[in-house]
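Structure first, then comments.
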Amino acid sequence: MKDLFQLLKGGNRSSLIAAIVNFILGTLKGVVFFFTGNVALFAEMMHSLGDSANQFFVFFGSALSKKSPTQKFPKGFGRLVNLVCLGAVLIVGILAYETIKEGWHHIWNPTASSGFWLSIGVLAIGVVMEGIVFYKAAQEIAHEVGIDHAGLKTIPLAIRNVNRAKPATKLVFMEDFVATFGGVLAIFAIILAQWTGFHAGEGIASVIIGIMMFYVVGRVFLDNARGVIGETDEEMLNHIAYLVLDHPDIIDIERLDVVKEGEFLHVELVAEVNPNHSLAYLDDVRDTLTEQILYQKGVNRVIVSFDEDDGEQEWHHREARPLLS
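Everything in the sequence shown is counted per the UniProt record's numbering, starting at 1 for the first residue and increasing by one.
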């Protein structure tokens, strides 16, 4: 039990905060929906509860993925966070379907809802809280990719670099972006219905929110499916190739793999060297390269081995260039 608590301390903080916030908001929206019958509020309730369940799963997955390798699982548990994300999006997918179905029904059978100011108040609270979590996730992405925070400019920076973020942080960022926008859309639909009597607008808002949820499901599913299979980080691969080839004792690279293992990168390198070097000398070269590669952002395991130079340049077809932040 002590080991479990120790692992949980290393879980993704953004996903835990988002899970708690969304659970509170989902419960609050559910209570208000019960009294008002507002279908746009129903959509936001489903969205918040789905995000909460999803993010709780992701928090536990990100924590357990940091468990040290064992004799039975020598490559560690890094991809566990990808598996958990794949399972978690199924929950959001089911809730997205229910949201669209309820919204579609309301479009064809519109009914007036009550509690205008109560609904607006709850949704406004949701927009503010989810917006704060969204901004915190943007800051987390900036931190993970090595970009300095720049106030509100951090958000567009995070959007441009979201694909370089850890799976858990990326999921929180995308879900809370949709949640914040969905809350604004629901407020607009309720105001429109109140002022114009166009109650079908609340159903339309519900359908749009459900479609946005499905978009997140699809995007997260594809990203984590690649993670489970084992996806190469091309940008970091080129960066590490540049570092290796810059070493005076490395003649060529025979093989270089930089594979995403959950939140981290695992590197396997086979470099070609002068066969006249002694084993002791090459051992020092290996230690230097290992230390240098481990120093790179996100890398937590490195395997370096050598082969004698065959006189043929094998790495000319890869772009060996520095990583640009």
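All residues carry an ideal CB built from backbone N, CA and C; glycine is no exception.
query	result
Rounded separation between A241 and L256 - CA only	8 Å
Status (buried if at least 16 other CB within 10 Å, exposed otherwise) for A200	buried
Pair within 7 Å by beta-carbon distance, I253 and A271	yes
Delimiting residues of the alpha helix (DSSP H) encompassing E175	P167 to T196
Proximity to D309 [Cα-Cα], best of L152, A179, P275 and R301	P275
Cβ neighbours of N38 in the same chain (closer than 6 Å, five flanking residues each side left out)	S113 and S119
Residues near Y215 in its chain [Cβ-Cβ closer than 8 Å; skip 5 each side]	V178
Of the listed residues F59, L243 and N22, nearest to V127 (C-alpha basis)	N22
Residue from L152, V162 and F134 with nearest C-alpha to G146	V162
From L282, T290 and K260, residue whose alpha carbon lies closest to that of L269	T290
Local Cβ density within 10 Å of I94, reported as buried at 16 or more and exposed below that	exposed
Same chain, Cβ closer than 8 Å to V273, five either side skipped, listed in chain order	D249, I250, I251, L282, V285, F306, D307, E308 and D309
Neighbour-count burial assignment, K136, 16 or more Cβ in a 10 Å radius	buried
T111 - DSSP class collapsed to helix/strand/coil	coil
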